[in-house]
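**Q** Numbering (UniProt numbering), first residue to last: 1 to 141.
Have a look at this one.
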Amino acid sequence: MSKLHRCCEHISGLPGTCYLDSPAILLAYHLTFKRFRLCMALWFIWIVASLICGFGELLPVRYLIFSLPCQFLAIGIIQFQLNALHPEKKMSKNLLSKILKSNEVSEDEKAQIRKIFISKSEPLRMGDLYRLRDFNRQIPT
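Take a look at the structure:
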């Protein structure tokens, strides 16, 4: 496994690599990994830009006063996007529909996810998928 994959697992909030044996979580991981590379590139560009602007004094002071808060805001938004698999992160409807339309996810697991979605009063979270995976692994086959 590459260093980028290990970094993605750690930063994204995935509790452990053992959870990647669930097709629903694996699908969410692959969708997150595509976005992760873009966010990491943007994050790196913002860090380098802030260092160049700060140390190189390329911008006048009045622009630096405006530029630095914008850079901090952008870094905060990018880092928020990186933890998409954290257990407390809400699942987007787009991700939920992709999981329910996927051929890799079994019909039983799709039915369980639908039942959780209907019975919960609040939005589904990634932790619900982790608990469902743990529950399904405890049932003897």
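Where a beta carbon is used, it is the ideal one built from N, C-alpha and C, also for glycine.
Keep in mind it's a predicted model, so treat the numbers as computed, not measured.
Drop a sphere of 10 angstroms on the beta-carbon of Leu51, count the other beta-carbons inside from all chains shown, and report buried for 16 or more, exposed for fewer.
**A** Its Cβ having fewer than 16 others within 10 Å, Leu51 is exposed.
**Q** Going by alpha carbons, who is nearest to Leu85 out of Ser2, Cys7 and Gly13?
**A** Residue Gly13 is the option with its Cα nearest to Leu85.
**Q** Excluding five sequence neighbours on each side, which residues of the same chain lie with their C-beta closer than 8 Å to the C-beta of Thr32?
**A** Within the same chain, Thr32 has close Cβ partners Cys8, Ser12, Ala84 and Leu85.
**Q** Here's the rule: buried if 16 or more other CB atoms are within 10 angstroms of the residue's CB, otherwise exposed. What is Val48?
**A** The residue is exposed, with fewer than 16 neighbouring Cβ atoms inside 10 Å.
**Q** Can you tell me the Cα-Cα spacing of Leu96 and Phe55, whole angstroms?
**A** Rounded to the nearest angstrom, the two C-alpha atoms are 45 Å apart.
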